[in-house]
Amino acid sequence: MKSLLLFTLNSRYTHTSIALRSLYANLKDLQQNAQIVEHTINESLSSVAESLLDKKADIIGMGVYIWNASQIASLGRIIKKLSPETIIVLGGPEVSHEPFRVDFGFADHIVQGEGEVSFYELCKDLIDGKKRDRTIRSSIPDVKKLALPYRFYSDEDIKNRYIYVEASRGCPFECEFCLSSIDEKVRAFDLDLFIGELEGLWDRGAREFKFIDRTFNLNIKTANTLLEYFLAKEEEFFVHFEVVPDHFPHSLREKIALFKKGSLQFEIGIQTLNPRIAKNISRNLDLAKIRDNIAFLEQTSAHIHLDLIIGLPDEDLASFGKNLDELVALSGSEIQLGVLKKLSGTTLNRHDIEHGMVYSDEPPYEVMQTSHLSYKELFVMKRFARYWDLFYNSGNFKKSIKLLWDEKGVKGSVFEAFYSFAIWFYDKVGSTHQIALDRQAELLFDYLCSDQKRDKQAVAEVLLADLLRIKGRKVPHFLREFATDLKPTKGVTKNSYTKRQS
2 MKSLLLFTLN
12 SRYTHTSIAL
22 RSLYANLKDL
32 QQNAQIVEHT
42 INESLSSVAE
52 SLLDKKADII
62 GMGVYIWNAS
72 QIASLGRIIK
82 KLSPETIIVL
92 GGPEVSHEPF
102 RVDFGFADHI
112 VQGEGEVSFY
122 ELCKDLIDGK
132 KRDRTIRSSI
142 PDVKKLALPY
152 RFYSDEDIKN
162 RYIYVEASRG
172 CPFECEFCLS
182 SIDEKVRAFD
192 LDLFIGELEG
202 LWDRGAREFK
212 FIDRTFNLNI
222 KTANTLLEYF
232 LAKEEEFFVH
242 FEVVPDHFPH
252 SLREKIALFK
262 KGSLQFEIGI
272 QTLNPRIAKN
282 ISRNLDLAKI
292 RDNIAFLEQT
302 SAHIHLDLII
312 GLPDEDLASF
322 GKNLDELVAL
332 SGSEIQLGVL
342 KKLSGTTLNR
352 HDIEHGMVYS
362 DEPPYEVMQT
372 SHLSYKELFV
382 MKRFARYWDL
392 FYNSGNFKKS
402 IKLLWDEKGV
412 KGSVFEAFYS
422 FAIWFYDKVG
432 STHQIALDRQ
442 AELLFDYLCS
452 DQKRDKQAVA
462 EVLLADLLRI
472 KGRKVPHFLR
482 EFATDLKPTK
492 GVTKNSYTKR
502 QS
């Protein structure tokens, strides 16, 4: 019997591949000679290649995604040079739609679409010596007939990594930048069977679950059932859902309000608050419901993660700036800023000529220029997004960062204030990564005091309150002269302080 490897490169160790486990679960009689192998994109490709070649598999199935496409291509070429008889089969979102913008010429076969059935059939035919086309287009499987993958998470996965689960596939919306819009029909797994699998994971110690459903709160019955399942648990847990922003009826609100802090996270794809831009990319936008639902969620203990996209067709900086200003006014939660990507299979290319859309040919295929945003502005905005993560989303400067746009209670434009700061900050550091926290704090202090002429003592007190929220942190050297109302913390170094009790 020929041996199979199911392999991918995850973006980090804490991630797991539900796709590989689902393929493995549906290998039937081939499963006994198959194994799952996962590495990360940060590992040496030569070391990964050595590890794969040492297993001497006859067939290697590789999961290809936007974050690992280039590395998978390099790895595939290495394996083919050293072991040309090894059959390489590619699958995953990055090879499911053409044109390919990475050279996958080394692949013997490419499975496009959901591969649980078609990958098994291909491997079965190859083992039996039958010829198959290089490209196999999968038919959409009946998810209720698929074997579920959850028992193939290892004990190490459960102990140290996120457990990805799905109660449904597909999305009814037609947003032009998203591959999920291609599969418009939402297909639900058998809910009772799925709950049973969740319980099996729970019994084995799983406490961190990430649902990959694109529209968790679309089917209210399913959403309520799942929320009830987790609310019944007495131990601590964390569960992440991706939700649509305008669909939180009363029954969901009642249950969401019952969750304890740290147990529930919602990722909410806002993308734009400009109705004209949303209509242009076939995105539904009910602003009144979105605002009302965000206001409700802000009153709960759920952690909210809001998404905005930079560089949408026909959207300029002024429109994006209004989006950001409004979201900051609506929510004190994390706001993730992403640059638009043109994925093969989406319909974004219909805007290319009219709106001057120019994209990178390298993964992740980000927009580089539009008729409304110059390349210079987009380079600035990419740095803006990175610095926004460092200063706003990180929580390290929860109050002090707001001093950029809030002076004596008078609020200015968040976007304009942070845009000016981002340009200034980059001029000082010339980098977007590997910037120490103390360096971040010192430059923010310098900008607020020197460029905005703020009172140094007042700024220092706000910065110290932010930085010292984490027990044991040291007072940065540049703030020590302002730490007059602080005292050394017992049992910690002399440069660590806590607020004196009044």
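If you use this note's numbering, the sequence shown corresponds to residues 2 to 503, in order. Note that beta-carbon positions come from the ideal geometry of N, C-alpha and C, so glycine has one too. Remember, predicted model here, so these are calculated numbers, not experimental data.
Going by DSSP, what residue range makes up the alpha helix (DSSP H) through ILE79? 70 to 83
Name the residue from TYR230, GLN32, ALA168 whose alpha carbon lies nearest to the alpha carbon of TYR121. GLN32
Could you tell me which residues DSSP pairs with TYR151 in its beta bridges? Paired residues: none, contrary to the question.
Pick from GLY346, GLN266, HIS110: whose alpha carbon is nearest that of LYS132? HIS110
Please tell me whether ILE79 and THR87 are closer than 8 Å, where the distance is taken between their beta carbons. no
Kindly indicate which three-state DSSP category GLY197 falls into: helix, strand or coil? helix
Could you check what DSSP says for HIS304 in three-state terms: helix, strand or coil? strand
Buried/exposed call for MET2, threshold 16 Cβ in 10 Å: exposed
With DSSP as the reference, identify every bridge partner of ILE336, one or two as the case may be. LEU307
DSSP three-state assignment for LEU6, whether helix, strand or coil: strand
Residues in its own chain within less than 8 Å of ARG292 by CB, not counting five upstream and five downstream? LEU331
Could you tell me the distance, in whole angstroms, from the CA atom of GLU209 to the CA atom of LEU127? 38 Å
Since LYS211 is in the alpha helix (DSSP H), which residue starts that stretch and which ends it? Counting along the chain, LYS211 falls outside any alpha helix (DSSP H), though it belongs to the beta strand (DSSP E) covering 209 to 212.
Please determine, among LYS57, VAL463, ILE137, LEU325, the residue with the shortest C-alpha to C-alpha distance to GLU417. LEU325
Would you kindly report the start and end of the unbroken beta strand (DSSP E) that includes GLU243? 239 to 244
What residue range does the beta strand (DSSP E) around VAL1 cover? No answer is possible for residue 1: it lies beyond the span of the chain, which begins at 2 and ends at 503.
Can you tell me whether ASP467 is buried or exposed? The criterion is at least 16 other CB atoms within 10 Å of its CB, across all chains shown. buried
Taking the beta carbon of ALA296 as the centre, do at least 16 other beta carbons fall within 10 Å, making it buried, or is it exposed? exposed
Let's see if you can read the secondary structure: which residues bound the alpha helix (DSSP H) around GLN113? No alpha helix (DSSP H) holds GLN113; the beta strand (DSSP E) holding it covers 110 to 113.
Three or more C-beta pairs under 8 Å: does that hold for the region 398 to 414 against the region 429 to 449? yes
For a minimum of 4 consecutive residues, which ranges assigned as the alpha helix (DSSP H) are wholly contained in the region 408 to 464? 415 to 430, 438 to 447
Bridge-paired residues (DSSP) for ARG22: DSSP output for ARG22 lists no bridge partner at all.
Can you tell me whether LEU199 is buried or exposed, with buried defined as 16 or more other CB within 10 angstroms of its CB? buried
Residues of its chain near PHE479, where Cβ-Cβ distance is below 7 Å and the 5 sequence neighbours each way are ignored: GLU443, PHE446
Compare the Cα-Cα distances from THR136 to each of SER119, TRP389, LYS145, LYS146 and report the closest residue. SER119
Three-way DSSP call (helix, strand, coil) for GLU95 in this model: helix
Taking buried to mean at least 16 other C-beta atoms within 10 Å of its own C-beta, is LYS211 buried or exposed? buried
Inspect the beta-carbon positions of SER169 and ALA189 and report whether they are closer than 8 Å. yes
In this structure, how does DSSP classify MET358 when only helix, strand and coil are distinguished? coil
Is the Cβ-Cβ distance between THR433 and ARG384 less than 8 Å? yes
Between the CA atoms of ASN397 and LEU391 - distance to the nearest angstrom: 8 Å
Those residues which DSSP pairs with THR41 across a bridge: ASN11
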